[in-house]
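Encoded as structure tokens, the structure appears first; notes follow it.
In the working numbering, the protein residues as written are 10 to 686.
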């Protein structure tokens, strides 16, 4: 039986099928922004043809999507309303009163996802102990429902104070809305963020509600298409936290898909780098629209618990990554001041770069490569898309060379230098700006364009080693199959560390574990084991924010509590270089990472292709002949000395002068900069 992963990007849809024999089959097809499900099915059909398998052979199906990402970036949300306590209807508008730049007094802040006129306060109050202080004013809830109906509201978020302690009022509001507004989806804040701090709980619930109709329709349509094709296994979707989740869970909690596609790239790149012993890596996933940068230390991707979506704080675990508008389709323009800019606008899949011959008229990064020869007219992108150098040359000349008074090669080189500088800045923001030296990491180059820019980026940042997986152009789709099914649960549980009893803590852990096992049951048919990992958020008494540290396995004991407290003290000292005089600590939140382990990936054999000797004229300051190798013909241990080009169906790798590549485990290319003589 086979396992299939399909990742839809802005320009291309990447697909990977791993057969029961461990053989890897890949496919890459153009994305169809107007018909996302069609691109998914096209990728699936291509895979089944290449692998000579049927839909009935598929035993596991995972999907990475940008549907939620695009809705957030473009703010194409459903019309959403908020119901909260009387006196708190301004919670989203007031926010935290913090500005991104305290010295910028003119740039307007992003508007809340829910406009003020659709925020309704109703009577009723749960107190800080979780007890009902004032009964819910049900007539006010019904009045708000009537106003929402009249306004054409498509989704509702509900946030009441202290619902993480007692959700009775939120649940009753949901029941009243179900009667008054049947069919309108509702998000309850305690179900999404069972933690204190009402603003971020409200904003997360609002963002989730705003995505419910769109993502719900998409998942339903996709499931129908998959079922019609004859696939009977449940669909799983990639989450922002680096794990996959059943489609039914994603339908209820679409906000977990906020960075679905980029997260798959980080996981795929990190897992593939392990084949050659690299545990500390910077993943560089450059596709047609964006470049996504992630940091992996000691084999684990960094996770943050708060992020931002459309200017709105989100309290959900998410891989720590940075996405910028730099891809093969990024458009190069000369602004009114005569400065060359590359991105963030992209030519996308349609019409795409000028070289595609599909009506594109703007110069792009891909066109620059075609002009300079690093992409040959004889090379078909995704194995099927021919390139036209004359069209690329015309676009580069018209859009860049003529306005700047440069020749064609100078203009194309300038486009690539600007794109590389933008990506180098992103790498520095993710590493140097956070106290990490990028020279201590390997660069994992993935995505359709990543291997073309890897040497330039490594030279710019000072990274001495590059890893290019066997199928770099579909690494995100591979990541869908390499990751596990993951559920993150948490609950605010404020206690003085010195005063809690192990039995009291363990009872709370047991309640979270029961919730986790109910979620894991969704994936019982595809899991090959499970793990439960506990963490605590701790802080010193009087502090406003906390650090997350591991907690040992159940049952809780004095030893595990003391070990967690010491881990907090050590981490606080490491991060801030001091320990407060007040050393009393308190537990703020209990966290549980519940994982259903998927089947380990076995990488297929290296080589098997027919070697062919070829050269190609490339301009890197001067025109010269570069060796051209086909990836399928490379054998374990083969060495390639730059300058050279390595072609394959899903990506092209560019090996600059001064770099050497060795074919290592699993067909992975390991590039190292040659020492200066």
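Glycine included, every Cβ here is placed at the ideal spot set by N, Cα and C.
Notebook entry, point to check: Does the separation of the CB atoms of residue 495 and residue 250 fall below 7 Å?
Noted result: Position 486 of the chain shown holds residue 495. Position 241 of the chain shown holds residue 250. Taking 7 Å as the Cβ cut-off, residue 495 and residue 250 qualify as a contacting pair.
Check: Does DSSP put residue 180 in a helix, in a strand, or in coil?
Finding: The sequence position of residue 180 within the chain shown is 171, counting from 1. It is helical.
Checklist line | residue 237 burial status per 10 Å Cβ neighbour count (16 or more: buried) | finding: As a working note, residue 237 is residue 228 in the chain shown. Per the 10 Å Cβ criterion, exposed.
Check: Helix, strand or coil: how does DSSP classify residue 134 here?
Finding: In the chain shown, counting from the first residue as 1, residue 134 sits at position 125. Note: residue 134 maps to strand in three-state DSSP.
Margin query: On the DSSP letters alone, give me the boundaries of the beta strand (DSSP E) that residue 21 sits inside.
Written below: As a position in the chain shown, residue 21 is number 12, starting the count at 1. Element bounds for residue 21: 21-27.
Next item on the list: Work out the CA separation of residue 21 and residue 233 for me, nearest whole Å.
Entry: Stepping through the chain shown from its first residue, residue 233 is reached at position 224. Stepping through the chain shown from its first residue, residue 21 is reached at position 12. The alpha-carbon atoms of residue 233 and residue 21 are separated by roughly 22 Å.
Next item on the list: Please report how far the alpha carbon of residue 300 lies from the alpha carbon of residue 432, in whole angstroms.
Entry: The sequence position of residue 300 within the chain shown is 291, counting from 1. The sequence position of residue 432 within the chain shown is 423, counting from 1. The straight-line gap from Cα to Cα measures roughly 7 Å.
Item checked: Between the CA atoms of residue 638 and residue 683 - distance to the nearest angstrom -> Counting from 1 along the chain shown, the entry for residue 683 is found at position 674. Counting from 1 along the chain shown, the entry for residue 638 is found at position 629. Cα-Cα distance, rounded: 20 Å.
Next item on the list: Using beta-carbon positions only, say whether residue 170 and residue 94 come within less than 7 Å of one another.
Entry: Against the chain shown, residue 170 aligns to sequence position 161. Against the chain shown, residue 94 aligns to sequence position 85. Contact flag set, yes.
Check: Taking DSSP as the reference, what is the three-state secondary structure of residue 267?
Finding: What you label residue 267 is simply residue 258 of the chain shown in a count that begins at 1. Residue 267: coil per DSSP, three-state reduction.
Notebook entry, point to check: How far does the alpha helix (DSSP H) with residue 436 in it reach, from first residue to last?
Noted result: In the chain shown, residue 436 corresponds to position 427, counting from 1. From DSSP, the alpha helix (DSSP H) with residue 436 extends over 417-439.
Next item on the list: Look up residue 624 in the DSSP assignment and give the residues it is bridged to.
Entry: Taking the chain shown and counting its residues from 1, the one referred to as residue 624 is at position 615. Paired residue(s): 636.
Next item on the list: Go to residue 574, then tell me how far its beta strand (DSSP E) extends in each direction, as first and last residue.
Entry: Your numbering for residue 574 matches position 565 in the chain shown. Per DSSP, residue 574 belongs to no beta strand (DSSP E); it is in the alpha helix (DSSP H), 567-585.
Next item on the list: Return the CA-CA distance between residue 574 and residue 274, expressed in angstroms with no decimal places.
Entry: Position 565 of the chain shown, counted from the start, is the residue given in the question as residue 574. Position 265 of the chain shown, counted from the start, is the residue given in the question as residue 274. Their backbone Cα atoms lie some 34 Å apart in a straight line.
Margin query: Cutting at 7 Å between CB atoms, please list the residues of its own chain near residue 116, excluding the five before and the five after it.
Written below: As a working note, residue 116 is residue 107 in the chain shown. Excluding residues within five positions, none has a Cβ falling inside 7 Å.
Notebook entry, point to check: What is the rounded straight-line gap between the Cα of residue 256 and the Cα of residue 515?
Noted result: Taking the chain shown and counting its residues from 1, one reaches residue 256 at position 247. Taking the chain shown and counting its residues from 1, one reaches residue 515 at position 506. If I take the Cα positions, the gap works out to 31 Å.
Checklist line | Extent of the continuous beta strand (DSSP E) to which residue 154 belongs | finding: The count along the chain shown starts at 1 and reaches residue 154 at position 145. Unbroken run through residue 154 is the alpha helix (DSSP H), 147-160; no beta strand (DSSP E).
Notebook entry, point to check: What do you reckon, are the CB atoms on residue 454 and residue 460 nearer than 7 Å?
Noted result: Your numbering for residue 454 matches position 445 in the chain shown. Your numbering for residue 460 matches position 451 in the chain shown. Yes, they are a contact pair.
Notebook entry, point to check: Under a Cβ-count criterion, where at least 16 other Cβ atoms within 10 Å of its own Cβ denotes burial, should residue 471 be classed as buried or exposed?
Noted result: Within the chain shown, the letter at position 462 stands for residue 471. Answer is exposed; the Cβ neighbour count stays below 16.
Next item on the list: Kindly list the residues whose CB is nearer than 8 Å to the CB of residue 600, restricted to its own chain and excluding five residues on each side of it in sequence; keep chain order.
Entry: Position 591 of the chain shown, counted from the start, is the residue given in the question as residue 600. The answer, listed in chain order, is 497, 498, 499, 543, 544, 545, 546, 557.
Notebook entry, point to check: Does DSSP put residue 198 in a helix, in a strand, or in coil?
Noted result: Here residue 198 corresponds to residue number 189 of the chain shown, with the count starting at 1. It is helical.
Next item on the list: Can you check DSSP and say which residues form a bridge with residue 543?
Entry: As a first step, residue 543 is located in the chain shown; it is residue number 534 there, counting from the start. According to DSSP, which records beta bridges pairwise, residue 543 is partnered with 560, 601.
Next item on the list: Please name the residue in 173, 130, 123, 157 whose C-alpha comes closest to that of residue 140.
Entry: Position 131 of the chain shown, counted from the first residue, corresponds to residue 140. Residue 173 is the option with its Cα nearest to residue 140.
Notebook entry, point to check: Taking the beta strand (DSSP E) that residue 79 falls in, what are its first and last residues?
Noted result: Here residue 79 corresponds to residue number 70 of the chain shown, with the count starting at 1. Here residue 79 belongs to no beta strand (DSSP E); instead the alpha helix (DSSP H) covers 76-83.
Checklist line | Classification of residue 492 by the beta-carbon crowding that lies within 10 angstroms, buried from 16 upward | finding: For the purposes of this step, residue 492 is taken as residue 483 along the chain shown, with counting starting at 1. By the 10 Å Cβ count, residue 492 comes out buried.
Note to self: For residue 632, count the other beta carbons within 10 Å of its own beta carbon; 16 or more makes it buried, fewer makes it exposed. Which is it?
What the structure shows: Here residue 632 corresponds to residue number 623 of the chain shown, with the count starting at 1. Classification of residue 632: exposed, given that the 10 Å Cβ count is below 16.
Next item on the list: Using alpha carbons as the reference points, say which of 302, 512, 649, 119 lies closest to residue 567.
Entry: To locate residue 567, count along the chain shown from 1; it is residue 558. Cα-wise, what sits closest to residue 567 is 512.
Item checked: Simplified DSSP assignment, three categories, for residue 213 -> Here residue 213 is taken as the residue at index 204 of the chain shown, counted from 1. Residue state, collapsed to three classes: helix.
Item checked: Runs of beta strand (DSSP E) lying entirely within the region 246-332, each at least 3 residues, in chain order -> 253-255, 290-295, 300-306, 316-318, 321-323
Next item on the list: Measure the beta-carbon distance from residue 64 to residue 483 and round it to whole angstroms, keeping in mind my assumption that it falls under 8 Å.
Entry: Position 55 of the chain shown, counted from the first residue, corresponds to residue 64. Position 474 of the chain shown, counted from the first residue, corresponds to residue 483. Incorrect: roughly 20 Å between the Cβ atoms, too far for contact.
Margin query: Could you tell me the alpha carbon to alpha carbon distance between residue 70 and residue 99, rounded to whole angstroms?
Written below: Here residue 70 corresponds to residue number 61 of the chain shown, with the count starting at 1. Here residue 99 corresponds to residue number 90 of the chain shown, with the count starting at 1. Roughly 43 Å separates the two Cα atoms.
Check: DSSP three-state call for residue 595: helix, strand or coil?
Finding: For the purposes of this step, residue 595 is identified with residue 586 of the chain shown, where counting begins at 1. Here residue 595 sits in strand by DSSP.
Check: When the distance is taken between beta carbons, is residue 267 closer than 7 Å to residue 333?
Finding: To locate residue 333, count along the chain shown from 1; it is residue 324. To locate residue 267, count along the chain shown from 1; it is residue 258. No. Outside cutoff.
Next item on the list: Specify the secondary structure class of residue 63 as computed by DSSP and reduced to three states.
Entry: Here residue 63 corresponds to residue number 54 of the chain shown, with the count starting at 1. Reduced to three states, the DSSP call for residue 63 is coil.
Next item on the list: Starting from residue 3, follow the beta strand (DSSP E) in both directions and report where the run begins and ends.
Entry: The structure shown has nothing for residue 3, since the chain only spans 10 to 686.
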